[in-house]
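Here's the structure, in structure tokens; my notes come after.
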């Protein structure tokens with residue numbers, strides 16, 4: 016299998032392993048940035064040499080939301096046989112997703128499990144902070 020075939024195979028594999036929906040962005044250098052999940056959970060950056068898996072993370076700043084991915088692992092995909100590469104990549108994606116989901120919290124008002132960046136200063140989710148659920152007596 017030549018390099019371009021293997022690269023195409025990696026694109027398909029990454030897309031199939033990430034939580035849905037999967038967003039894909041093509042870089043000017045030919046690299047591809049994948050973001051999986053809604054809200055985002057895992058980021059994968061595929062280049063002609065490496066595949067980097069990160070846990071999605073970020074924080075609100077004065078200028079807006081700043082994404083600061085947390086590195087989980089990097090593989091030099093040319094150096095690995097196909098089965099080992101797919102197994103390692105699958106494990107990294109799974110680990111990144113589990114790490115991200117472990118940071119979700121339950122909103123005490125609505126009971127939904129919410130990503131950390133969706134919690135406001137009132138220790139409830141942004142939705143409840145803006146429009147609190149109705150109380151039925």
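Numbering (this note's numbering), first residue to last: 16 to 152. We put the CB at the ideal spot given by N, CA and C, even for glycine. It should be emphasised that the depicted structure is a prediction, and the values quoted were computed from it without experimental measurement.
Could you check where the alpha helix (DSSP H) with residue i kicks off and where it finishes?
{"i": "residue 69", "result": "Unbroken run through residue 69 is the beta strand (DSSP E), 65–70; no alpha helix (DSSP H)."}
{"i": "residue 117", "result": "No alpha helix (DSSP H) contains residue 117, which DSSP labels as neither H nor E."}
Terminal residues of the continuous beta strand (DSSP E) containing residue i?
{"i": "residue 43", "result": "Run containing residue 43: none; DSSP gives neither H nor E here."}
{"i": "residue 89", "result": "85–91"}
Return the chain-ordered list of same chain residues with a C-beta closer than 6 Å to the C-beta of residue i, the five sequence neighbours on each side being excluded.
{"i": "residue 121", "result": "128"}
{"i": "residue 110", "result": "87"}
{"i": "residue 62", "result": "46"}
{"i": "residue 48", "result": "40, 60"}
{"i": "residue 29", "result": "49, 59"}
Can you find the residues in the same chain that come closer than 7 Å, C-beta to C-beta, to residue i, ignoring five residues on each side of it along the sequence?
{"i": "residue 105", "result": "32"}
{"i": "residue 135", "result": "141, 144"}
{"i": "residue 101", "result": "28"}
{"i": "residue 91", "result": "64, 65"}
What does a CB cutoff of less than 8 Å around residue i pick up in its chain, not counting 5 residues either side in sequence?
{"i": "residue 74", "result": "80, 81, 83, 132"}
{"i": "residue 138", "result": "123"}
{"i": "residue 89", "result": "65, 66, 67, 68"}
Report the partner residues of residue i according to the DSSP bridge assignment.
{"i": "residue 20", "result": "Its beta-bridge partners do not exist; DSSP assigns none."}
{"i": "residue 57", "result": "51, 70"}
{"i": "residue 140", "result": "134"}
{"i": "residue 38", "result": "50"}
{"i": "residue 82", "result": "73"}
Cα-Cα, which of the options is closest to residue i?
{"i": "residue 44", "options": "56, 30, 60, 94", "result": "60"}
{"i": "residue 112", "options": "23, 57, 22", "result": "57"}
{"i": "residue 38", "options": "53, 24, 25", "result": "53"}
{"i": "residue 36", "options": "119, 26, 51", "result": "51"}
{"i": "residue 116", "options": "70, 103, 94", "result": "70"}
{"i": "residue 72", "options": "118, 34, 93", "result": "118"}
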